[in-house]
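Engineer: Quick note on our numbering: the sequence shown kicks off at 17 and runs consecutively. All C-beta atoms in this analysis are idealised placements derived from N, C-alpha and C, irrespective of residue type, glycine included. For clarity, every value in this text was computed on a predicted model and none was experimentally measured.
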Amino acid sequence: MNCLLMQVVVAQLRWDGEGQDQQWATAINWEGDQVPGPEDEVLLDNTFVQDDYAVMLPAGAVSVVVRSLIIQPAPGNIITWINPAVNTSSTAFVATAGGDAIVIGKGGIMINASGASSGTPVSVSATGFFRINDGGHYIHRTERGHTTNLVSRLSTAPGTEAGIFEFDVPSATAYTVSISNRTYGTLIFSAAAAGQNKTYTGSGTGVVNIRGQLQIRNRAAFSYGANVSTINIVRSCNIEAGGIFIVANGANASLIRLQGDLYNNGLITRTGTGPASRFQLTGNAEQAIYQDGQIGGQVILSVNNATGIRLRTIFRLEYAVEFIQGKLFSASDALLVLQPGCQVLNAGAHSFAEGPVCKIGAEAFIFPVGTGGIYTPLGIGGNGAVTDSFVVEYKRANPQQVSGVINQVVMPIDHISYVEYWQLKSNPAALPRQVSLAVTPLSFVRSLESLLVARYAGDRWVSEGISEIVSGPAQPPFVTGTISSDEAVEAYGYFTLATTETVSENPLPVRFTDFFIQSSADGFPQLKWTIADQADEAMEFLIEKATAGGFFVPVVRKPALQNISEYTYQDRETDQAVRYRIRILGPDTILATSAEYYWQPESNQRNNFRLLTLSKDRLRIECPWFLHHFHLNIINSNGQIVFRQVWPTRTIHAFADIDLSAWPRGMYFIEGVKDGRKIEVWKHLH
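1) I think V435 touches R412, with their Cβ atoms under 8 Å apart; what is that distance to the nearest whole Å?
2) Using DSSP with H/G/I as helix, E/B as strand and the rest coil, what is S245?
3) What does the alpha-carbon distance come out to for the pair A336 and S239?
4) Considering only the beta carbon of each residue, do S258 and R286 sit closer than 9 Å?
5) Are the segment 445 to 465 and the segment 423 to 430 in contact at 8 Å, needing three or more beta carbon pairs?
6) Mind checking if F540 is an interface residue toward chain B, Cβ cutoff 9 Å exclusive?
7) Around the C-beta of Q439, are 16 or more other C-beta atoms found within 10 angstroms, so that it is buried, or is it exposed?
8) Could you have a look at L577 and say whether DSSP puts it in helix, strand or coil?
9) With DSSP collapsed to three states, give me the class of S106.
10) With a threshold of 16 other CB atoms inside 10 Å of the CB of T189, please say whether the residue is buried or exposed.
11) Quick one: residues in its chain with C-beta nearer than 7 Å to the C-beta of Q36, no 5 flanking neighbours on either side, listed in chain order?
12) What residue range is occupied by the uninterrupted beta strand (DSSP E) comprising Q39?
13) Inspect the CB distances between the segment 469 to 478 and the segment 533 to 541 and report whether three or more fall short of 8 Å.
14) Please work out which residues of its chain come closer than 8 Å, Cβ to Cβ, to G92, disregarding the five sequence neighbours upstream and downstream, and give them in chain order.
15) Mind checking which residues open and close the beta strand (DSSP E) that includes R294?
16) Please classify L170 as buried or exposed, where buried requires at least 16 neighbouring CB atoms within 10 angstroms.
17) Pick from G76, S84, G276, A90: whose alpha carbon is nearest that of N99?
18) Cα-Cα, which of S133, A101, I559, I580 is closest to V571?
19) Could you work out which residue in F685, A608, V594 is closest to I637 when comparing CA atoms only?
20) Within the segment 486 to 571, note down every full beta strand (DSSP E) run reaching 3 residues or more, in order along the chain.
21) Below 8 Å on the Cβ atoms is my guess for I120 versus I87; work out the distance and round it to an integer in Å.
22) Here's a check: name, in chain order, each residue in its chain whose Cβ is nearer than 8 Å to the Cβ of T590, leaving out the five neighbours to either side.
23) Between the alpha carbons of Q15 and G309, how many angstroms are there, rounded?
24) Just to confirm, are I311 and L327 a CB contact at a threshold of 9 Å?
25) Spatial neighbours of P52 within its chain, please: C-beta separation below 6 Å, excluding the five flanking residues on both sides.
26) W679 bridges to which residues according to DSSP?
27) Taking E556 as the reference, give the member of V569, S581, L676 with the closest Cα.
28) Output needed for P54: all residues of its chain with C-beta closer than 8 Å, excluding positions within five of it in sequence on either side, in chain order.
29) By Cβ distance below 8 Å, which residues in the same chain neighbour F331 in space, the five residues on each side in sequence not counted?
30) Could you name each continuous beta strand (DSSP E) segment of 3 residues or more that falls completely within the segment 87 to 168, going from the start of the chain to the end?
31) Name the one or two DSSP bridge partners that Y279 has.
32) Just verifying my parser: in three-state terms, what is the DSSP assignment at L351?
33) Let me check understanding here. Comparing Cα to Cα, which of A108, G152, T107 lies closest to I94?
34) Report the partner residues of I330 according to the DSSP bridge assignment.
35) Taking only the alpha-carbon atoms, compute the straight-line gap between N197 and G488 and give it to the nearest angstrom.
36) Run through DSSP, which three-state label would P640 get?
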């Protein structure tokens, strides 16, 4: 028996360009001077031609069939494959291999400008893949089809996320894109070939996945008509000036989910009649928004990123902003601006705006502001003018230190908060509005009924009264809720919580009432401090120390205990003169910082004295050991002695308590003089 063995030989042909006419059909342009046939694997690379080059399919109703095509330029080079408009075949180019039948590598460009009257002129087989690697670029520059055996066979292999599929279809007629249940790498809509406004439409019920970027270029519009569906964009979304993204064009509510940054210099809008659509930022890392364009129509910007979203430019919104998780970070030069009628949905401690928020319009509004883990909305009443403009920002800081403000209050205020305030700015013509402030557990309020809305009036804090109290859930020993001013306020600026009760009755913030250090029996520093109110378990104390001339460094964190106001700590790692201070820490913020306390071992103390801070406005100068003739001077920044204390010879454990509450704020120098010689000089900022 004779056995006949047959072998199909698959040849790989490379372009050598010897014909110098860019024509596919010129035999001498190919290695071996042979035009590729149906069983050939074609490789366009820089083996023979070192520079950039282009390859053109034949004119007329000519079909080219190969086994596969790979476009793989050398690094830095560009190789362009073109199906020209003069080719009129409905099957101008077919690659029949299974697997990766057409591969466009980095630097490779494939332009399909077919002049056919029907069909899908460029395609692979039903078992093949059309693969656009990162840096590869396919341009669909024809009105003919792209679905069957092209987009339907796009490879989703790793390394194709930045492979570009660009629609740049000529003519002004709208072009329908295969979008439903499709997966693209990077998707671009262009109007360059049309030379005028160009609309691309897509519809269906299947989810659209864009694993790279979505780009809508100048004068191009992408109009999405999904009935019930989603577009997922893994990387950035870039709408150029003059570009339009119509997220819903029918009776549908679409969901656009973006994991990368948003660059909107064009228009994002909705033209349909159905419910509002959502443009949701849902990344795993912090996202950024750059906008010189507009989000119009019934489009909700949805914040759904636990890491946060940061505005990089002024961001205007017409319809609504929705808070699902994470914060929206703004700044004075990257302001969140909500236009008249714009709504805030679902803001709370889980998600809010950190930074300034602007609201324009006549309606009542609650600003969704806060910082760290604290949600502290400020509300304004209605009955304004449509041109009214307000900017609100919450600050977790001492309002008594804002722009040099001192603790001057007008009755019936007893004292104001030490830990928080709001800045409410308006345009000059804004009408008076009622103002409401949030009271959170970290406002440290014991009684809502004694609170007042306080406003800074240029040189002192005045009461705007209280007209309405809305109680929230209690978190003993503190209460929460909202308080509103008695009437519409006539002026704006800084606002904070105030109370008619004393510090002991309604402290508002946690603060130090006493801090001093004694030496233990075995000679180590024993720190003792008292706070103005009982602590909360969400707080902790950070003890810091610094050697002479050094910076403060952490020593230990000591947790606060529920309902406890007095604390001690012994530092057994110190054998030299040091300075101590204590910070009270809350969630994501510093609630208070003690004054500094100087301590030194007893062996060094006999010729020195100690400065103790009893409270913010009380100092104690202590001479704990036998001294010769000694006196104390306190000098203001103008060089004037404002306090003097003299102790006679052989004084033991002398001290002077000094009340600074009526002293002007500023820097004071404290000097101790023994036998006519300065032995200590300290600075104290009051």
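Structural biologist: Let me lay it out:
1) 7 Å
2) coil
3) 21 Å
4) Looking at the sequence provided, one finds Gly at residue 258 rather than Ser. Taking 9 Å as the Cβ cut-off, G258 and R286 do not qualify as a contacting pair.
5) no
6) The chain labelled as chain B is not found in the depicted structure, where only one protein chain is given.
7) buried
8) coil
9) coil
10) exposed
11) none
12) Per DSSP, Q39 belongs to no beta strand (DSSP E) and is neither H nor E.
13) no
14) G123
15) 293 to 297
16) buried
17) G76
18) I559
19) F685
20) 497 to 500, 509 to 515, 528 to 535, 541 to 547, 556 to 563
21) 5 Å
22) F540, P541, K561, W615
23) Any question about residue 15 goes unanswered here, given that the chain covers just 17 to 702.
24) no
25) L29, V58, V82
26) DSSP, once it has assigned bridges, lists no residue as partnering W679.
27) S581
28) V81, V82, R83, T112
29) I305, Q307, S346, A350, L351, L352, V353
30) 95 to 99, 109 to 111, 115 to 120, 124 to 128, 138 to 140, 144 to 148, 153 to 156
31) N254, Y306
32) coil
33) G152
34) Beta-bridge pairing links I330 to no other residue.
35) 47 Å
36) Annotation note: pLDDT 49 at P640 (below 50); position unreliable, coordinate value reported separately. Coil.
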